[in-house]
Structure formats: structure tokens, C-alpha cells
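Participant: Protein sequence lines, in the order shown, are assigned to chains H and Z. Under my numbering, the residue at position 40 of the first sequence is numbered 45, and the numbers go up by one with no gaps. Under my numbering, the residue at position 84 of the second sequence is numbered 95, and the numbers go up by one with no gaps. For glycine and all other residues, C-beta sits at the position ideal for the given N, C-alpha and C.
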Amino acid sequence: MIEVNRLTKRFGATVALNGVSFEVARGEVLGLLGPNGAGKTTAMRVITCYIAADEGTTTVAGFDTATQSVDVRRAIGYLPESAPVYQDMGVVEYLRFMGRVRGMDDPHLAQRTDEMIETCGLARMAHRVIGTLSKGYRQRVGLAQSLLHDPQVLILDEPTSGLDPNQIVEIRSLIKHIGEEKTVILSTHILPEVESTCSRVLIINEGVIVASGTPGELASQSAGEQHVYVTIKGDPARIEPVLRDSGLASGLRLIAARPDRVRYAITASGEEPEAALFALAVRNDWVLTELHREEVSLEQVFTRLTTRESINA
Amino acid sequence: MRNAWIIAGKEFRSYFSSTIAYVFLVVFLVFTALLFFELQKFFVIGQATLRDFFGLVPILLLFFVPAISMRMWAEERKLGTLETLMTLPVKDWEVVVGKFLASFLFLLLGIALTLPLAIIVGALGPLDWGTTFCGYLGLALLGATYLSIGLWISSTTENQIVAFIGAAVLCTILFLAGVDLILTSLPRWLVPFMKGLSVGSHLDSVQRGVIDSRDIIYYLSMIGFFLFLNARAVEDRMGK
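1. Nearest chain H C-beta to K110 of chain Z closer than 9 Å, yes or no?
2. Where do the N-terminal and C-terminal ends of the alpha helix (DSSP H) with F23 of chain Z fall, by residue?
3. Using the DSSP secondary-structure output, state which residues sit across from D162 of chain H in a beta bridge.
4. Can you tell me which of the three DSSP states S209 of chain Z falls into?
5. Do three or more CB pairs link the stretch 204–211 of chain H to the stretch 32–50 of chain H at distances below 8 Å?
6. Using 9 Å as the limit for Cβ to Cβ distance, is R205 of chain H near chain Z?
7. Using a Cβ-Cβ cut-off of 8 Å (strictly less than) and excluding sequence neighbours within five positions of V247 of chain H, which residues of its own chain qualify?
8. Rounding to the nearest angstrom, what Cα-Cα distance links V235 of chain H and L296 of chain H in this structure?
9. Which bits of chain H does N170 of chain Z rub up against, with CB to CB less than 8 Å?
10. Could you give the distance in angstroms between the alpha-carbon of F122 of chain H and the alpha-carbon of V146 of chain H?
11. With a threshold of 9 Å between beta carbons, is E49 of chain Z in contact with chain H?
12. Give the range of the beta strand (DSSP E) segment to which H297 of chain H is assigned.
13. Kindly identify the DSSP beta-bridge partner or partners of S165 of chain Z.
14. Please identify, using Cβ separations under 7 Å, the residues of the stretch 49–63 of chain H that lie next to chain Z, in order along the chain.
15. Which stretch, first to last residue, makes up the alpha helix (DSSP H) that contains T46 of chain H?
16. Could you have a look at E33 of chain H and say whether DSSP puts it in helix, strand or coil?
17. So which of Z:S165, Z:F144, Z:L61 and Z:F204 has the shortest CA-CA distance to R248 of chain Z?
18. For chain H, find out if any of its Cβ atoms is closer than 9 Å to the Cβ of P198 of chain Z; answer yes or no.
19. Under 6 Å Cβ to Cβ from L194 of chain Z, same chain only, skipping five residues before and after it: list those, please.
20. Of all the options H:G39, H:S26, H:T13 and H:E8, which has the alpha carbon lying nearest to the alpha carbon of L303 of chain H?
21. Quick one: list the residues of chain Z neighbouring V25 of chain H, beta-carbon separation under 7 Å, in chain order.
22. Using 9 Å as the threshold, is the C-beta distance between A188 of chain Z and V173 of chain Z below it?
23. Between M249 of chain Z and chain H, is any beta-carbon pair separated by less than 9 Å?
24. Going by beta carbon distance, what residues of the same chain come within less than 8 Å of T124 of chain H, once the five residues before and after it are set aside?
25. Quick check: the stretch 96–103 of chain Z against the stretch 220–237 of chain Z, are at least 3 beta-carbon pairs closer than 8 Å?
26. In chain Z, which residues lie less than 8 Å from V75 of chain H when you measure between Cβ atoms?
27. Just verifying my parser: in three-state terms, what is the DSSP assignment at A18 of chain H?
28. Roughly how many angstroms lie between the CA atoms of G235 of chain Z and S28 of chain Z, to the nearest whole one?
29. Assign I228 of chain Z to buried or exposed, taking buried as 16 or more other Cβ atoms, counted over all protein chains shown, within 10 Å of its Cβ.
30. On a Cα-Cα basis, can you pick out the residue from H:P89, H:A270, H:I244 and H:S166 that is closest to L259 of chain H?
31. Helix, strand or coil for A179 of chain Z? Go by DSSP, reduced to three states.
32. What distance in whole Å lies between the Cβ atoms of V90 of chain H and I135 of chain H, which are believed to be in contact at a cut-off of 8 Å?
33. Give the range of the beta strand (DSSP E) segment to which S217 of chain H is assigned.
34. Alpha carbon to alpha carbon, how far is W16 of chain Z from L214 of chain Z? Give it in angstroms, no decimals.
35. Whose C-beta lies closer than 6 Å to the C-beta of V213 of chain H among residues of the same chain, with five residues either side of it excluded?
36. Rounded to a whole number of angstroms, what is the C-alpha to C-alpha distance between V29 of chain H and F75 of chain Z?
In C-alpha cells:
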């Protein structure tokens, strides 16, 4: 559905995007994850034909953004960052305007406007002037505008920024629901959002893609060495030698010691170190009060990839 | 072209969504009437002619037209709504023309509202309505020219004040460049060039109420030229 090929964009001396390539298949919900200034918004602006790239090609639904930009824009619904909407217009007036510019004719437009107001929860605010609405509602108006013409592709730049927790949950479930039928690219730097709404993730840093895959894949790819934390009640002096001799742990690190218990971080080798540790504890009559594996979270993947990259760059 | 009209309609209506438009029109009309009847000593002179009116308004427009055009692009850029607008399936020129049409219609409204003044003069004495009509036509063309300049300047900045000042200064320069006082102090070879380019020297249509095709061609060319610059400035910002 969307193909981005070696996209490069410079703003003066800064390289915002450096030879970025990726694809989004029909029906996918792709999350663009990255720190501020990574290039997410720039990439979206090229896809939506707001700015032109310096190098590379982008196609949406088979149309080239450089040569067929009107066709591309017709296929896309776009919600830019901070959902800019005309503040001096009423909600319905605004949606009607957007619809008419998109070539929707009146009976169909009126019906779609009502549907969007319903879907985006704007029913109570429909007759208000946009400038009088709170940020959350303005964002919903922006979202309504992007869905109005039932586009095949939806591009959302930080759709939940500035919203309160309740609104965030609503918007996310709305996006998830939309994602079932449409192709969506959404950008964010809120990690839980990606995990809950996206089928695939691209991590971008400083204009380059540093990781790509499903949230699960990314977590396991970067798993590397995992730690298992164990707290054992018993005599510390007797516990340690047994652990060392057991051959289970390639690395043993004491975290905390009290007269009656010790806590270790074990760099585990083998498939299921927890089971083996449990068996060991049973054999030695130890009481385990903690046994858990450190899950590598998307957050850690993100931090690891984006800060290390910056250091190496 | 359909999109241009849709955009024009929306922009025209948005002029009236705040009190600014009304204040603007009132101030413009009050100033015009005041200066024409009082400052230009209409009643003292006692002639049923609008000649001084048509000499006065071009100068007032130097200030009032930039005030109309300043927000058109600058505000959109500042608020970020330009991004939503330019990612709609519209051609760049349709947006440029749409905005021009909206501001031109607003200007026409302001000019049309001075008609009572003409009617009053006509009621006081034998007013040459043919000349008056030509004068109004000239004002519309002149105003449209200033507008196209103002819109171009507005598209180059995010700051409405900068847009206003830039437009006012440019229009004033073009106006003054054709004024005799300035022309006589320029080197000989420069004079025909300046005369051709300046707004000031094409005011015959306006002031004397005489339609000269050269003036019309001048105005239309200038309008076209600055609208083209406007479109280029918008595309430039987008890296196209």
C-alpha cells in the first residue's frame, strides 16, 4: 500500500531523514516510534505530500507522491501534530468544508458528517465553534476530518498527545478499530501506545531506522542476556557455594544480603533457568521468596537503540 | 476551479467570524468620508465630482489593503492549519486563487460601501456617472493589485505584522515610483522603466475616470505576476 524508498530530506545542514526505506502493507497498523526530532513527522509529511523529499521515492496506493500528489492526497486521511483545525469555524461547518474540498457531494457529505460526529464522540459539541473546544475535542475534530472521506490510508501524527488519560484510551480503541479495515501509520513516543495499537513497529532515530518488527519480535531480538532475580531465605554463607557449583548460572551477582536472606541477579544460561533454580531450591530446602525473569520491555529496546545510536553517531 | 471557489467561500466567511472585519470596514468608510468631505474641502470647492475621492482612496488603500491580506497565509502557517489545507487533494494554484478571490471580494465590499458617498455627490449636482464608473473600476483593479502583492508577502512569513509592513512598504514604493516628484529626480534612462512598472503612473484610469487599455493590461499583469510569486513562495516552503 505504501512504499518508501531511500527517502532523504535535509533542512539546511540537518539531515532529517537519511535514506529511509520501508513498506506498509494493506491493513497494517504501523507504529513509528522515535525520540523527538527523529524524523517521524518529516516522513509523514513526505508521504502526505506536504513537503517534497530531496531524494528517494514514495508511493501510496500505487501513486507517486512526486508526480501524482493530488491522487495520493485523495487516498489519505491525515491528522498532523497538534491537530490544527480552523478555530473560527463550527464543528459541522468545518467538516462540511473539508468534505466539499474532497469532492464529496451534499447528501453523502451530510450523512458522513453525522457518522463521523458519532464515531468521534462529538455529538454534544457539534454546534460549538472549534475555538471554544478543549484540546481533546479539537483532536477529535481533526480525527473526524481525517476519516470523513473514508480513506484507504490514515496517517496520524501523535494522535494522543495532550489528551487526558480517559481520552487517550478512547482514541486508542478508536484507532485500533479503524486499523482493522484500513492501513494506518501512526507516530508516537509513548511506548505503551505502540504495544496496544500497532501490528508492526519501526524505531527511528536521527533520520535512520534502527529497528523494525512486531512489538514481540523487537523485544526478543534485543533480549540478549536475560537476568533472573531470585531471593532465597536461608544462610547466605551456605547458599552461595551451592549456586556457584550448580553450573546453572554463567554469572552470579549479589544484589542484597541480610542475615536471613540473599538476593541475586543470575545471568541465566539454558532454556528455563527458573525451573532449574526451583528444583535446586527444593533439593536444598531453601525457601524462595522471589523468582522472576526480567522481561525486556519495548522501552528498554527503545532506550538501548536510541541512546546507543546517538553515542555511536 | 471548483475548489478555488470552495476555499474562497470559506475564507470570505471567516473574515466575518471576528469583529476585525467590521471594525476594518467602519474605519475605512469613516476615514474615506471624513477625508473626502472635510480634508479635501469638497463643500468649499463646490464641484459635483469624485475626482478627489479617486485621488484619495488609492493612498488609503496602501494602508488598508495590507490589513486585509496580512492574515491570509501568515496565520495559517503560524497555526499549522496550512499543513491540513495543503494535504487536501487540491492544486496549489487553487488555494492561491481561492484566497485571492476571498480577499478581493472583501475589498470589493468595502469599496462598494462607499457608493452612498457617490450617490450623495450625485444628488448635490451633475455627477458624470460614466467617469465615476470608470473610477470605481480602476479602484477595483488597483486594490486587486495591492492585494496580490500583500498576499504574496503574507505567504513568505508567519508573522502578520511583518506581512502587513512588508506589503505596505512594497505597495508604497510602487506607488511613489510613478509620482512625478520622484520621477523627475531619477536619471533619464530610468524614467520610462519606472513609469511602466509603477502603480502611481497607471492611476489615470482611476483618477480621471478614463479607461485606458494600457492601464488594464498593467494591472492584470501585475496581479498575475504576484499571484505567481505567491504560488512559488508556497511551493518553496514545501520544498517543491
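Facilitator: Taking the geometry as given:
1. Residue 110 of chain Z sits at position 99 when you count from the first residue of the second sequence. No, no contact with chain H.
2. In the second sequence, the residue the question calls residue 23 of chain Z occupies position 12. Its alpha helix (DSSP H) spans residues R13 to Y26.
3. Translated into the one-based positions of the first sequence, residue 162 of chain H becomes position 157. D162 of chain H is bridged to H:S192.
4. Looking up residue 209 of chain Z in the second sequence gives position 198. Coil, per DSSP.
5. yes
6. Here residue 205 of chain H is taken as the residue at index 200 of the first sequence, counted from 1. False, the Cβ-Cβ gap to chain Z never drops below 9 Å.
7. Working through the first sequence from its first residue, we reach residue 247 of chain H at position 242. Excluding sequence neighbours, V247 of chain H sits near L285 and N289.
8. Along the first sequence, read from residue 1 onward, the residue named residue 235 of chain H stands at position 230. Along the first sequence, read from residue 1 onward, the residue named residue 296 of chain H stands at position 291. If I take the Cα positions, the gap works out to 4 Å.
9. Walking along the second sequence from the start, residue 170 of chain Z turns up at place 159. Under the 8 Å cutoff, chain H gives no residues; its nearest Cβ is about 17 Å from N170 of chain Z.
10. Translated into positions along the first sequence, residue 122 of chain H becomes position 117. Translated into positions along the first sequence, residue 146 of chain H becomes position 141. Before going on, a small fix: residue 122 of chain H reads as Ile here, not Phe. Going from the Cα of I122 of chain H to the Cα of V146 of chain H covers about 8 Å.
11. Within the second sequence, numbered from 1, the residue matching residue 49 of chain Z stands at position 38. Chain H, which has no Cβ nearer than 9 Å to the Cβ of E49 of chain Z, makes this no.
12. By 1-based counting over the first sequence, the position of residue 297 of chain H is 292. Counting along the chain, the beta strand (DSSP E) containing H297 of chain H begins and ends at V292 to R298.
13. Indexing the second sequence from 1 puts residue 165 of chain Z at position 154. Looking at the DSSP assignment, S165 of chain Z forms no beta bridge with any residue, so it has no partner.
14. T53, C54, Y55, I56 and A57
15. By 1-based counting over the first sequence, the position of residue 46 of chain H is 41. Where T46 of chain H is concerned, the enclosing alpha helix (DSSP H) stretches over K45 to I52.
16. As a working note, residue 33 of chain H is residue 28 in the first sequence. In the structure shown, E33 of chain H sits in coil (DSSP, three-state: anything other than H, G, I, E or B).
17. Translated into the one-based positions of the second sequence, residue 248 of chain Z becomes position 237. Among Z:S165, Z:F144, Z:L61 and Z:F204, the Cα nearest to that of R248 of chain Z belongs to Z:S165.
18. Reading the second sequence from its first residue, position 187 is the one you call residue 198 of chain Z. Not an interface residue.
19. Translated into the one-based positions of the second sequence, residue 194 of chain Z becomes position 183. Result list for L194 of chain Z: V202, in chain order.
20. On the first sequence, position 298 is the one that residue 303 of chain H refers to. The residue with the shortest Cα to Cα distance from L303 of chain H is H:G39.
21. Within the first sequence, residue 25 of chain H is the residue found at index 20, counting from 1. Ordered by position in chain Z, no residue passes the 7 Å Cβ test against V25 of chain H, which lies about 16 Å from the chain.
22. Mapped onto the second sequence, residue 188 of chain Z falls at position 177. Mapped onto the second sequence, residue 173 of chain Z falls at position 162. Taking 9 Å as the Cβ cut-off, A188 of chain Z and V173 of chain Z do not qualify as a contacting pair.
23. For the purposes of this step, residue 249 of chain Z is taken as the residue at position 238 of the second sequence. At least one chain H Cβ lies under 9 Å of M249 of chain Z.
24. Indexing the first sequence from 1 puts residue 124 of chain H at position 119. Within the same chain, T124 of chain H has close Cβ partners A149, L152 and L179.
25. no
26. Stepping through the first sequence from its first residue, residue 75 of chain H is reached at position 70. Simply P100, V101 and K102.
27. Taking the first residue of the first sequence as 1, we reach residue 18 of chain H at position 13. Here A18 of chain H sits in coil by DSSP.
28. Counting from one through the second sequence, the residue named residue 235 of chain Z turns up at place 224. Counting from one through the second sequence, the residue named residue 28 of chain Z turns up at place 17. Their backbone Cα atoms lie some 29 Å apart in a straight line.
29. If you number the second sequence from 1, residue 228 of chain Z lands on position 217. Classification for I228 of chain Z: exposed.
30. Within the first sequence, the letter at position 254 stands for residue 259 of chain H. When only C-alpha atoms are compared, the closest one is H:A270.
31. In the second sequence, residue 179 of chain Z corresponds to position 168, counting from 1. Reduced to three states, the DSSP call for A179 of chain Z is helix.
32. What you label residue 135 of chain H is simply residue 130 of the first sequence in a count that begins at 1. What you label residue 90 of chain H is simply residue 85 of the first sequence in a count that begins at 1. Indeed, because the Cβ distance is near 5 Å, the residues count as touching under 8 Å.
33. Here residue 217 of chain H refers to the residue found at position 212 when the first sequence is read from its first residue. Residues V213 to G218.
34. Here residue 214 of chain Z refers to the residue found at position 203 of the second sequence. Here residue 16 of chain Z refers to the residue found at position 5 of the second sequence. Looking at the two C-alpha atoms, the distance is approximately 30 Å.
35. Here residue 213 of chain H corresponds to residue number 208 of the first sequence, with the count starting at 1. Same-chain partners within the cutoff: N23.
36. By one-based count along the first sequence, residue 29 of chain H stands at place 24. By one-based count along the second sequence, residue 75 of chain Z stands at place 64. So the two alpha carbons sit approximately 51 Å from each other.
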